[in-house]
Structures are given as C-alpha cells and as structure tokens.
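FYI, numbering that gives the first Met the number 0 numbers position 110 of the sequence shown as 109, with every residue one higher than the one before it. All C-beta atoms, glycine included, are put in the ideal place defined by N, C-alpha and C.
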Amino acid sequence: MEYISKLEKLVLGWAKNAPHLPAAGQKWLGANVWWIALVGAIISGIAILVSLGAIVTLIGTLGAPSNAYYVTSDYTSLAIMTAIVSFVFLVANGILLALAVKPLQEMQKKGWVLLFLTLLVEALSVVVHAVLSFSVVGFIIGIIFGAVGLAISAYFIAEIHDQFGHRARATVKKA
Numbered sequence: 000m001e002y003i004s005k006l007e008k009l010v011l012g013w014a015k016n017a018p019h020l021p022a023a024g025q026k027w028l029g030a031n032v033w034w035i036a037l038v039g040a041i042i043s044g045i046a047i048l049v050s051l052g053a054i055v056t057l058i059g060t061l062g063a064p065s066n067a068y069y070v071t072s073d074y075t076s077l078a079i080m081t082a083i084v085s086f087v088f089l090v091a092n093g094i095l096l097a098l099a100v101k102p103l104q105e106m107q108k109k110g111w112v113l114l115f116l117t118l119l120v121e122a123l124s125v126v127v128h129a130v131l132s133f134s135v136v137g138f139i140i141g142i143i144f145g146a147v148g149l150a151i152s153a154y155f156i157a158e159i160h161d162q163f164g165h166r167a168r169a170t171v172k173k174a
C-alpha cells in the first residue's frame, strides 16, 4: 500500500501544474464518476465474453488442416498468447471497476484508490501489449497512444482526488 501511495503522490504531482477543471466540473465529475465506472464495468463484462469467444475460436484454429496454407501454428500461438494476456488485463480492470462503484457512490477514498489501481493495471497493460507487438513500430505506437490515454485518465482521476481523499467512512449507529 505504501508503494501505491508513492505512485499516487507522483501522479498528483504531475497533474498539479496542469490546468484544472472549474470547481463545478470537478464536483460534477466526482459525484457522477460512480456511474461512469459502472458503465465501464458493464462494457468490460461484455468485452470479457467476446474475448472468451475469440480465444476459443483461436484455439480451434490451432493445428486445423484447413488453415495450413493461411495460418501458421506460430502465428496462431502468438495470437492465442496475446489474446489470453489481453483477457487477463480485461478481467482485472473489470473487477476493479465493479468493486469501485459502491465506494465511489458513497464518496469513499477506497473508490478513488480502486480507480487509481485500474489506471496502474492499464499502464502495465500498455507496456505488456507494446512488448508483445514484437515490432519496433508497434512498440513505439503502442507506447505513444497508451501514454496519451493514460495521461487523460490520470488527469481526470487527479481532478477528483480531493473529493475522495479525506472522507471518512460513514458509520451507522444502532438504536
């Protein structure tokens, strides 16, 4: 957890000098980020099912004689490995987003931390996918576009940090 706190401070330090959203925009984003995370979790769930179907299809083509002229087993094996790695990252992000919905709705720090963990998992995903491209051009393009997407996500997460960072969990007293 200490390592995540250090990364959090690093990302917030980068975002400190960026132009900020108006206060009303920050407040709206903080109040509505829970349903954005919910939509992301639902889309991730659908993508997980589609990816699972793609992996099964790829495995079905492995060693199929009808594909011998078009698809080599090495290419298919690489595609299966890449699809499985993508599937693992997709499941991790989907679970983190689904777990973040309720705490974000209650404006708890735990929800923001889960969003931040989603950002970190996505950063790892960008690097792994760039390496798995096995080409210099694919690596560079993957890193550039991944970095742009991560920077945008980090900006919006940093903008709502103060709304979640210092809220204590509401306790319910029994009568």
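Check: Contact the segment 40-55 vs the segment 91-99: 3+ CB pairs below 8 angstroms; Outcome: yes
Check: Three-state class that DSSP yields for E105 in the structure shown; Outcome: coil
Check: L61: first and last residue of the uninterrupted alpha helix (DSSP H) it sits in; Outcome: From DSSP, L61 is part of no alpha helix (DSSP H); its letter is neither H nor E.
Check: Same chain only: Cβ atoms within 6 angstroms of F88, ignoring 5 sequence neighbours per side; Outcome: S124
Check: Where I54 sits in the DSSP three-state scheme; Outcome: helix
Check: Where H19 falls: helix, strand or coil (DSSP); Outcome: coil
Check: Status (buried if at least 16 other CB within 10 Å, exposed otherwise) for L9; Outcome: exposed
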